[in-house]
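Everything below concerns the one structure shown next.
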Amino acid sequence: MNHFDHRDGILHCEDVPLTRIADEVGTPVYVYSTATFRRHAQVFREGLKPLGRIHLAYAIKANPNVAVLRLLAEEGYGADVVSGGEMARALAAGIPAADIVFSGVGKTRAELSRGLDEGIGQFNLELEEEGVVLARLAHAKGKRAPAVLRVNPDVDAGTHAKISTGRAENKFGVPIDQAAAMFARLAPLDGLDLRGVACHIGSQLADLSRLEEAYRRIGVLVAELRAAGHRITHVDLGGGLGVPYKAGDTLPSPADYGAMVARVTEGWDVELMFEPGRVIAGNAGVLLTEVIWVKPGVTNPYVIVDAAMNDLARPALYDAWHDFDAVAPSGERMTANIAGPVCESGDTFAMGRDIDAVVSGDLAVFRTAGAYGATMASTYNSRALVPEVLVDGDRFAVVADRIAAETILAAERVPDWLMPGRDPA
Ligand code: LLP
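Using my numbering, the letters of the sequence shown map in sequence onto residues 1419 to 1843.
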């Protein structure tokens, strides 16, 4: 459910017509709904009600805009971060350091050190050596780092290969059959409070049975660790719950997920931690764009829009589907390819799609663009960095500026030996 609906023939975000945002901010632009973010945050929490002690750490990579983080902090969410930059954002949004989980397969020593200085609530270790280094850094600072060991349960998540993380050949976590031995070597280290395990098997998961299998394996490991005398107080179950991208898609709900987790984790007696990203942000945003041309094609016309793969990379990277709807549909339909202005054939959002009929100058949106949209944007083809707008009822604010190509150019320089007029010798 989301708050992007047609009213009097014009697509609105909450009470704001998208035509107004296009007029005032220009296109392309990401538009987010505060009400949808809040609702998703609440529905996810509600779904986990059957569980005991939980900690919610929003995976900020999905949408790290500082205004979004602020509103999710108001909803009681901490953060899951994977870089020093994400840590800085979460702290800037006022998320307490103690509510931040530091994940990531390549945390640098400098990032680990900064995390310790900030008092980050939990470090999710990706390899044994990271635990040794973290313990040493913490010990030198007179601290004990709260940590869990991320385990790779070797389960196929059944999602796109590029967003699968829980198969043995993926780079994430430690092999589950070696986890107990590693845990035993790390647990005694001064400077480390090794208190549990973590797993995350992939993103846009549509089949709860895969997650269930991974969690069952984690449960077996927890029992094994306890039998070996370790104190296990925290288990981080990651994120990954999928969202509907196409009208008619049916996906497990947070309540289905919560019921499965309750069944599998019964008797674990730990604080369960969750790192939802897409399920919170996905349907809370659209990418608003203007049609530049409708260009005749061999089979279907190409609708060339002013958004491109640099603004929304998911179709080019994962062949992802994003619904495309006119802001002011005429009622007519057309079959078209939808593409951006970037000079690659991969800059294509859809082929042979049945869509609202559009002509140049019309506004349209790509839906379900609130997660892994703006955050993955680039300036390829020397395009501006796409701005972001947050709507709240009948008001809206630009929460990330459009960064002009000229501003990016101003950060580059020609070294003096290449200056015009210099002797090339
Ligand atoms: N926790 C960890 C350790 C993760 O690696 C991720 C996502 C999450 C939580 C959040 O997963 P979510 O609930 O959002 O599925 N760019 C891709 C998705 C990459 C996901 C990376 N990790 C896309 O656009 O589909």
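Cβ coordinates follow ideal geometry from the N, Cα and C atoms, glycine included.
The structure displayed is predicted, hence computed values, not measured ones.
- [ ] Taking His-1424 as the reference, give the member of Arg-1696, Ser-1796 and Ala-1746 with the closest Cα.
- [x] Among Arg-1696, Ser-1796 and Ala-1746, the Cα nearest to that of His-1424 is on Ala-1746.
Open item on the list: Just to check my reading of the structure: Ala-1480 and Arg-1696 have Cβ atoms closer than 8 angstroms, yes? What is that Cβ distance to the nearest angstrom?
Closed with: So it is a contact: roughly 5 angstroms between Cβ atoms.
Open item on the list: Cutting at 6 angstroms between CB atoms, please list the residues of its own chain near Asp-1574, excluding the five before and the five after it.
Closed with: Contacts found: Arg-1585.
TODO: Taking Gly-1494 as the reference, give the member of Cys-1761, Ile-1472 and Val-1638 with the closest Cα.
DONE: Nearest option by C-alpha distance: Ile-1472.
Open item on the list: Is Pro-1622 close to the ligand LLP? I mean its beta-carbon at under 7 angstroms from any heavy atom of the ligand.
Closed with: What sits at residue 1622 in the sequence shown is Gln, not Pro. Yes - the ligand LLP has a heavy atom lying nearer than 7 angstroms to the Cβ of Gln-1622.
- [ ] Measure the CB-CB distance between Val-1776 and Val-1712 and report whether it falls below 8 angstroms.
- [x] Yes, these two residues count as a Cβ contact at 8 angstroms.
- [ ] Could you pull out every residue in the same chain whose Cβ sits closer than 7 angstroms to the Cβ of Leu-1735, ignoring the five residues on either side in sequence?
- [x] Excluding sequence neighbours, Leu-1735 sits near Lys-1580.
Task: Residue nearest to Thr-1786 in terms of C-alpha spacing, selected from Gly-1839, Trp-1739 and Gly-1465 - done: Nearest C-alpha to Thr-1786 among Gly-1839, Trp-1739 and Gly-1465: Trp-1739.
Open item on the list: To the nearest angstrom, how far is the alpha carbon of Lys-1589 from that of Ile-1619?
Closed with: Rounded to the nearest angstrom, the two C-alpha atoms are 11 angstroms apart.
TODO: For Asp-1687, count neighbouring Cβ atoms within 10 angstroms of its own Cβ and tell me buried if that reaches 16, exposed if not.
DONE: By the beta-carbon neighbour count (other beta carbons within 10 angstroms, threshold 16), Asp-1687 is exposed.
Task: Any non-hydrogen atom of the ligand LLP within 7 angstroms of Arg-1696 CB - done: At a cut-off of 7 angstroms, the beta-carbon of Arg-1696 counts as near the ligand LLP: some heavy atom of the ligand is closer than that.
TODO: Determine the direct distance from the alpha carbon of Gly-1560 to that of Pro-1733, and round the result to whole angstroms.
DONE: Their Cα atoms are separated by approximately 48 angstroms.
Open item on the list: Which residues does DSSP list as the beta-bridge partners of Asn-1755?
Closed with: Beta-bridge pairing links Asn-1755 to Tyr-1720.
TODO: Can you give me the start and stop residues for the beta strand (DSSP E) that Leu-1448 sits inside?
DONE: The amino acid at residue 1448 is misidentified as Leu; the sequence shows Tyr. Tyr-1448 -> beta strand (DSSP E) spans 1447-1451.
TODO: Could you tell me if the beta carbon of Leu-1487 falls within a distance shorter than 7 angstroms of some heavy atom in the ligand LLP?
DONE: Residue side-chain check: Leu-1487 keeps its Cβ at 7 angstroms or more from all non-hydrogen atoms of the ligand LLP.
Task: N-terminal and C-terminal residue of the beta strand (DSSP E) that Glu-1689 is part of - done: First-last of the beta strand (DSSP E) with Glu-1689: 1689-1692.
Open item on the list: Which complete alpha helix (DSSP H) runs does the stretch 1463-1523 hold, if anything under 4 residues is left out?
Closed with: Counting whole runs of 4 or more residues, the stretch 1463-1523 contains the alpha helix (DSSP H) stretches 1484-1492 and 1502-1510.
- [ ] Select from Glu-1762, Ala-1645 and Ala-1563 the residue whose C-alpha is nearest the C-alpha of Ala-1602.
- [x] For the residues Glu-1762, Ala-1645 and Ala-1563, the minimum Cα distance to Ala-1602 belongs to Ala-1645.
Task: Ile-1821 - containing beta strand (DSSP E), residue span - done: Element bounds for Ile-1821: n/a, residue is neither H nor E.
- [ ] List the residues that DSSP assigns as beta-bridge partners of Asn-1542.
- [x] According to DSSP, Asn-1542 bridges with Val-1566.
Task: Short Cβ contact (8 angstroms threshold) for Thr-1797 with Ala-1818 - done: Remark: C-beta atoms of Thr-1797 and Ala-1818 do not approach each other more closely than 8 angstroms.
Task: Nearest residue (CA-CA) to Thr-1583, options Gly-1656, Ala-1641 and Glu-1689 - done: The residue with the shortest Cα to Cα distance from Thr-1583 is Gly-1656.
- [ ] Say yes only if the C-beta of Ile-1581 is nearer than 7 angstroms to one or more non-hydrogen atoms of the ligand LLP, and no if none qualify.
- [x] For the ligand LLP, at least one heavy atom lies less than 7 angstroms from the Cβ of Ile-1581.
TODO: Compare the C-alpha of Cys-1431 against each of Thr-1825, Ile-1594, Ile-1756 and Ala-1702 and name the closest.
DONE: Nearest C-alpha to Cys-1431: Ala-1702.
Open item on the list: For the ligand LLP, I want to know if Met-1691 counts as a neighbour, meaning its beta carbon is within less than 7 angstroms of at least one of the ligand's heavy atoms.
Closed with: False, no ligand heavy atom lies under 7 angstroms from that Cβ.
- [ ] Return the first residue and the last residue of the beta strand (DSSP E) that Met-1769 is part of.
- [x] Note, Met-1769: beta strand (DSSP E), 1766-1774.
Open item on the list: Can you check which of these residues, Ile-1636, Ala-1459 and Leu-1436, is closest to Pro-1694 by C-alpha distance?
Closed with: Per the Cα distances, Ala-1459.
- [ ] Assess, as a yes-or-no matter, whether the stretch 1604-1618 is touched by the stretch 1535-1552 under the definition of 3 or more beta carbon pairs within less than 8 angstroms.
- [x] The count of Cβ pairs closer than 8 angstroms, one atom from the stretch 1535-1552 and one from the stretch 1604-1618, reaches three, so the stretches are in contact.
- [ ] Taking all protein chains shown into account, decide if Val-1638 is buried (16 or more other Cβ within 10 angstroms of its Cβ) or exposed.
- [x] By the neighbour-count rule (16 or more Cβ atoms within 10 Å), Val-1638 is not buried but exposed.
Task: Check whether Gly-1522 and Val-1551 have beta carbons under 8 angstroms apart - done: Not closer than 8 angstroms, so no.
Task: Counterpart residues of Leu-1623 in DSSP-defined beta bridges - done: Leu-1623 has Leu-1659 as its beta-bridge partners, per DSSP.
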